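Residue numbers (my numbering): 2 to 174.
Below is one structure, written out as C-alpha cells, with a few remarks after it.
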C-alpha cells in the first residue's frame, strides 16, 4: 500500500465563487480512495468517500489482496446519506449533517475533470506519483441514482452487468 492514500477516482470542478478567469482557482472535488488500516498493519483497508473536504470513512473487512474486490459507494444529496458496500455486503452508512450538498457539473470541459487512479490538485494537473493507484481497475460505472441492494449484490457477484448512465465502462472507452 501507499504510505499515504490511494485514489481510485476523482471528479473535480472549478469553484465558481472564485471565478476570476485565472489558473489555479480553488477546485471542489468528490473522490473515492482507500488507505491501509494501521491497526491491522495495513492488511485491511479503510475506504473513504471524500466530498468537498468531508472524509466519510468506512472500515472494510476481508479485503482480498491480489484479487478482485467490488466497491459500491452511494451518496444522496436529498437525504445526506452515504452508503458503502464492499464485495456485496454493507460496510456502513453515514448521514451527513446537512443534506442538500450537490455535485456540480459544467458544460465547459475546462471547468471539470474526471480522473481514474489519481488525486488532482488542479483541473487535469497537480498529480503526485506518491498518490497513485497501482493495480487494475475494471467496470467503473456511475449512476445518477442510488442502486438497490439486490442490484449491488448481483453486480458484486458478476450475476448482472450494469452500465452507468453517468459514466459507463465499455471496452472501447
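In this text, a Cβ means the ideal position worked out from N, Cα and C, and glycines have one as well.
Because the structure is a prediction, the values reported are computed rather than measured.
query                                                                                                                                              : result
With distances taken between CB atoms, is the gap from residue 73 to residue 138 smaller than 9 Å?                                                 : no
Any idea if residue 103 is buried or exposed, counting beta-carbon neighbours within 10 angstroms, 16 or more meaning buried?                      : exposed
With 16 as the cutoff for other CB atoms within 10 Å, does residue 68 come out buried or exposed?                                                  : exposed
Quick check: what's the CA-CA separation for residue 46 versus residue 165?                                                                        : 26 Å
Where does the unbroken beta strand (DSSP E) through residue 94 begin, and where does it stop?                                                     : 90–96
Out of 60, 93 and 134, which one is the CA nearest neighbour of residue 1?                                                                         : Any property of residue 1 remains undetermined from this structure, which presents the chain solely from 2 to 174.
Helix, strand or coil: how does DSSP classify residue 151 here?                                                                                    : helix
Taking the alpha carbon of residue 36 as the reference point, which residue from 6, 64 and 65 has its own alpha carbon closest?                    : 6
Assuming residue 58 is part of the beta strand (DSSP E), what are its boundary residues?                                                           : 56–61
With residue 153 and residue 13 assumed to form a contact (beta carbons below 8 Å), what rounded beta-carbon distance in angstroms separates them? : The pair is not a contact, with the Cβ atoms about 26 Å apart (cut-off 8 Å).
Would you kindly work out how many angstroms separate the C-alpha atoms of residue 84 and residue 76, rounded to a whole number?                   : 7 Å
Which class does residue 52 belong to by DSSP, given the choice of helix, strand or coil?                                                          : strand
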